[in-house]
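As structure tokens, the structure follows; a few thoughts come after it.
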Amino acid sequence: MARVAHDLSDAQWDALKTSWGGCCAYCGAAAASLQKDCVQALSRGGRYTLGNIVPACGSCNASKCNAEVTGWLRRKKLDEKAFLLRHHEISSALTLRFAAEEPDPPEGACPVEDDEQVGSG
């Protein structure tokens, strides 16, 4: 299956894990096997994008499931403010880094947004 525009690349996933210090973004535990967790769940309109994925330990990923992240952090008595600030800093920095690495579109090409559809008028 081909990778689509909202998929996280392997390089982006590696950069996310490194940026979070190889630890769970939610509880801070070092985990040998981190899982991709959507901050905004897919069921709530989230996507597998650089700004929406964080590394999570299996326990946090299973516990959070499809919950809204801030409410879940509060229920688990985790530091909501620290998570949100660090998530913003990391996703902003990595978004800039990976945007700079993307090739420019061919001259004369019209960009098409993910949600736009090209049809016969």
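The sequence shown begins at 33 in this note's numbering and counts up by one. Cβ atoms here follow ideal geometry from the backbone N, Cα and C, with glycine treated the same way. Predicted, not measured: the structure shown is a model, and the values here were computed from it.
Nearest Cα to Leu126 within the set Ile85, Asn98, Trp104, Gly90: Ile85. Here the alpha carbons of Ile122 and Glu112 stand approximately 15 Å from one another. Annotated as proximal: Ala62 and Gly54, with beta-carbon spacing under 8 Å. In this structure, Cys92 lies near Cys59, with their beta-carbon atoms less than 8 Å apart. Approximately 7 Å separates the beta-carbon atoms of Val71 and His119; this is inside 8 Å, confirming the contact.
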